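Quick note, the sequence shown lines up with residues 8 to 229 if you use this note's numbering. Even for Gly, the Cβ is constructed at its ideal location relative to N, Cα and C. Quick caveat: nothing in here was measured; it's all calculated off a predicted structure.
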Amino acid sequence: MNKIKKQLIAAAVLVAGFALAFLSYVLLAPDDRKTGLDVQPAAEALPVRDSSHRLTEPARSELTVVEFLDFECEACGAYYPVVERLREEYGDRVTFVARYFPMPGHRNGELAARTAEAAARQGKFEEMYSKLFTTQKEWGESQDWKQDVFRGYAKQLGLDMERFDADLADPRVAGRVQDDQRDGLGLDVQGTPTFFVDGAKIQPPGSYEEFKQLIEERLAAS
């Protein structure tokens with residue numbers, strides 16, 4: 008009975024997460040709403056570039072799924088285990104790409120993105136990506152500056168801390184985050200998470216099953 012109860016609670020949490028994601032998308036989606044970002048849209052925006060961070064890249068990719076995300080966004084946090092499950096299932100056929108789109112309403116969203124990018128400079132993007140999402144409840148939605156917390160994560164991942172600190176403060180790292188934001192704005196990304204499947208923006212799926220069905224349909228048609 009306890010096992011069933013735990014499963015029901017877990018399902019309820021996931022449903023609530025997707026509901027939050029959908030509500031966030033609806034509130035931010037209309038064209039007359041502004042993101043508040045201090046960057047301009049890219050003149051020739053692309054969903055994915057050669058420099059984009061690929062979480063999986065099979066030798067022969069049949070499909071590409073791109074997520075514009077904010078590490079502090081609760082809706083992105085709710086999608087994280089879904090994306091991980093899809094990666095595990097389709098990683099040999101589908102390329103999964105993560106792109107930065109920190110929203111101005113999140114105190115530590117941009118800092119988290121720079122943290123991930125600084126880790127990427129030491130070959131640890133995926134590890135920091137996972138760390139930030141799995142610990143989101145510990146630091147997200149806080150009005151306190153969490154740089155010390157993120158430095159702790161960098162230490163746990165075994166990063167060279169002198170280099171990490173230098174990269175975190177490097178304007179080129181901030182510029183790399185802004186490059187993703189510019190592409191997002193140019194592609195009419197209004198909130199997070201926003202997904203593109205083979206270059207086409209989609210409505211965020213309401214469940215893992217819906218996302219899986221969409222991928223199956225696209226793979227069958229390719």
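Rounded to whole angstroms, the separation of the alpha carbons of A176 and T71 is 32 angstroms. Partner residues in the beta bridge of V204, as assigned by DSSP, are V72, A207. According to DSSP, residue pairing for R106 in a beta bridge involves F75. In the same chain as E69, and ignoring 5 residues on each side of it, the C-beta atoms closer than 6 angstroms to its own belong to R100, L226, S229, in chain order. Taking a C-beta distance under 8 angstroms as the contact criterion, C83 and P211 do not qualify as a contact pair.
Setting aside the 5 residues that flank it on each side, Y107 is surrounded in the same chain by A120, V184, D187, each with a C-beta closer than 6 angstroms to its C-beta; the list follows chain order. In this structure T141 is exposed. Its beta-carbon is surrounded by fewer than 16 other beta-carbon atoms within 10 angstroms.
Under the 10 Å beta carbon count, M135 is surrounded by 16 or more other beta carbons and is classified as buried. Taking every protein chain shown into account, the CB of E81 has 16 or more other CB atoms within 10 angstroms, so this residue is buried.
The count of Cβ pairs closer than 8 angstroms, one atom from the segment 52-71 and one from the segment 123-137, reaches three, so the stretches are in contact. Per the coordinates, the alpha-carbon of L166 lies some 7 angstroms from the alpha-carbon of Q129. Counting along the chain, T63 sits inside no alpha helix (DSSP H); it lies in the beta strand (DSSP E) bounded by residues 60-63. Closest option to A207, judged by alpha-carbon separation, among E217, Y215, G191: G191. For L164, the closest C-alpha among the options K131, T102, H113, G182 is that of K131.
At a cut-off of 4 residues, the continuous stretches assigned as alpha helix (DSSP H) that sit fully inside the segment 124-202 are 132-141, 143-146, 154-163, 168-176, 178-193. Between F75 and V196, the gap from beta carbon to beta carbon is short of 8 angstroms.
In the same chain as E117, and ignoring 5 residues on each side of it, the C-beta atoms closer than 6 angstroms to its own belong to P109, in chain order.
Secondary structure note for Q220: its alpha helix (DSSP H) is the uninterrupted segment 215-228.
V89 is bridged by DSSP to nothing; it lacks a bridge partner.
Short of 7 angstroms from the beta carbon of F218, and not among the five residues preceding or following it, lie these beta carbons of its own chain, in chain order: V89, L93, P212. Cβ-Cβ separation between A123 and A161: approximately 10 angstroms, too far for a contact (criterion under 8 angstroms). When the Cα atoms are used, F203 and L221 turn out to be separated by approximately 12 angstroms.
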